[in-house]
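**Q** Once you've had a glance at the structure underneath, I'll fire off some questions.
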Amino acid sequence: MKNLKGVFPVLITPMHQDETINWEGFSNNIEYFINQGVDGLAINGSTGEFVSLTKEERFKAVEVAVEQVGGRIPLIVGTAAETTEDAIEYTLQAEKAGADAALLINSYYAHPKEEEIYEHFKAVAESVSFPVMIYNNPFTSGVNISVDTILRTGKNVRNITHVKESSGEIRKVRDISRQGKGFIKTFCGADDMVLESFMVGAEGWISVGGNIAPRTAKEMYDAYMAGDIDRAWELYDKLLPLLNFLEGSGKYVQITKHAMDLKGLAGGPARRPRLGLNQEEQETLKRLMEQLDVLEASTIHGGEGK
19 MKNLKGVFPV LITPMHQDET INWEGFSNNI EYFINQGVDG LAINGSTGEF VSLTKEERFK
79 AVEVAVEQVG GRIPLIVGTA AETTEDAIEY TLQAEKAGAD AALLINSYYA HPKEEEIYEH
139 FKAVAESVSF PVMIYNNPFT SGVNISVDTI LRTGKNVRNI THVKESSGEI RKVRDISRQG
199 KGFIKTFCGA DDMVLESFMV GAEGWISVGG NIAPRTAKEM YDAYMAGDID RAWELYDKLL
259 PLLNFLEGSG KYVQITKHAM DLKGLAGGPA RRPRLGLNQE EQETLKRLME QLDVLEASTI
319 HGGEGK
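Residue numbers (the numbering used here): 19 to 324.
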């Protein structure tokens with residue numbers, strides 16, 4: 019079992035102009051992030067437009083990613099679905115294909131109650147043997163899972179090992195991290211609260227901004243882990259304008275895809291009904307990337323500041 023800890027960019031699913039998936043670009047992007055030194059990768063998440071992909075595309079994304087990663091770093095696969103039966107199918111496929119863990123949110127249309135969420139997570143996790151990271155994101159699922167339910171799930175279900183906490187409630191990150199010691203670990207899922215989350219016990223970051231500035235994100239995490247808090251704050255302050263833009267825009271998928279294009283990587287359009295960035299948003303993104311010195315990647319072996 020690989021150690022799930024550190025900075026995990028949650029990747030886009032790059033597309034051609036006709037909205038078909040750019041599989042070569044997907045593989046090249048993965049290689050680029052590995053070369054940037056990130057701790058792991060996540061695919062088929064919200065940033066990867068999982069709700070806009072077919073079952074066959076989601077399955078293929080797992081197969082392509084597993085092959086490209088080749089065991090070099092941990093790979094987490096989003097396996098969310100509206101029904102428990104479908105979530106089990108996606109999670110079983112990810113495990114069989116060779117992924118290292120699953121990322122599982124509750125049903126996002128049904129607005130399930132706490133007991134329904136618990137039983138959903140339990141049923142899916144017990145169908146596999148690899149680690150499962152449950153996911154609290156009230157902004158997309160419409161439900162803010164309680165600390166008690168998260169702790170109960172982690173304590174009672176053997177292979178539920180982590181939670182991605184995206185509510186933006188720092189007290190929730192603190193309480194889960196401290197009360198869950200020994201049976202569940204927290205990852206930050208709110209980009210604009212990441213350093214605060216580390217300070218109250220989070221051990222990792224499923225990061226949208228890590229797509230755009232992976233080395234800076236990793237350097238910030240490493241500085242914090244080394245006890246260089248001043249350096250961590252310096253890098254966080256540098257990242258925050260971009261992270262705030264991502265969190266507040268409502269267009270984090272489109273922003274990240276356009277950023278990939280600006281970096282010379284594979285981005286492309288988002289699938290409709292998502293529309294691209296307007297001129298003002300494009301200019302804002304470019305300015306933020308210039309400030310971070312991350313506009314040029316040029317090749318998969320390139321990097322920030324090149």
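The beta-carbon is built from N, C-alpha and C at its ideal position, and this holds for glycine as well.
#1: Does Gln-272 pass the burial test, meaning 16 or more other C-beta atoms within 10 Å, or should it be called exposed?
#2: Look at the alpha carbon of Lys-324 and the alpha carbon of Gly-96, and state the distance between them as a whole number of angstroms.
#3: Can you name the start and end residues of the beta strand (DSSP E) that His-180 belongs to?
#4: Is there at least one non-hydrogen atom of the ligand MG closer than 7 Å to the beta-carbon of Val-56?
#5: Which whole-angstrom value describes the C-beta separation of Ile-48 and Glu-75, a residue pair presumed to lie in contact below a C-beta threshold of 8 Å?
#6: Is it buried or exposed, Thr-158, if we count other Cβ atoms within 10 angstroms and call 16 or more buried?
#7: Taking all protein chains shown into account, decide if Thr-109 is buried (16 or more other Cβ within 10 angstroms of its Cβ) or exposed.
#8: Report back the beta-carbon spacing between Lys-182 and Tyr-153 to the nearest angstrom; my notes put them in contact at under 8 Å.
#9: Can you find at least 3 beta carbon pairs, one from the stretch 127-146 and one from the stretch 255-267, that sit closer than 8 Å?
#10: Just mark His-138 as buried or exposed, buried being the case when its beta carbon has 16 or more other beta carbons within 10 Å.
#11: For Lys-228, which residues in the same chain have their Cβ closer than 6 Å to its Cβ, ignoring the five residues on either side in sequence?
#12: Quick check: what's the CA-CA separation for Gln-300 versus His-276?
#13: When the distance is taken between beta carbons, is Gly-222 closer than 8 Å to Lys-23?
#14: Between which two residues does the beta strand (DSSP E) holding Met-151 run?
#15: List the endpoints of the continuous beta strand (DSSP E) containing Leu-121.
#16: With a Cβ-Cβ cutoff of 8 Å, do His-180 and Pro-149 count as a contact?
#17: Which class does Lys-203 belong to by DSSP, given the choice of helix, strand or coil?
#18: DSSP has Pro-27 in a bridge; who is on the other side?
#19: With a threshold of 8 Å on Cβ separation, who are the neighbours of Arg-170 within its own chain once the five nearest residues in sequence on each side are excluded?
#20: Using the Cα positions of Arg-192 and Gly-207, report the straight-line distance between them to the nearest angstrom.
**A** According to the structure data:
#1: buried
#2: Low per-residue confidence applies at Lys-324: pLDDT is 35, beneath 50, and the placement is therefore not dependable enough to give any value.
#3: 178-183
#4: Among the components modelled here there is no ligand, and therefore nothing to report on the ligand MG.
#5: With 8 Å as the limit, Ile-48 and Glu-75 do not qualify as a contact, their Cβ atoms being about 16 Å apart.
#6: exposed
#7: Classification for Thr-109: buried.
#8: 4 Å
#9: Contact between the stretch 127-146 and the stretch 255-267 is absent, because fewer than three Cβ pairs lie under 8 Å.
#10: buried
#11: Per the sequence shown, the amino acid found at residue 228 is Gly instead of Lys. Within the same chain, Gly-228 has close Cβ partners Val-25, Pro-27, Ala-235.
#12: 8 Å
#13: Yes.
#14: 150-154
#15: 119-123
#16: yes
#17: strand
#18: Ser-225
#19: Tyr-136
#20: So the alpha carbons of these two residues sit roughly 14 Å apart.
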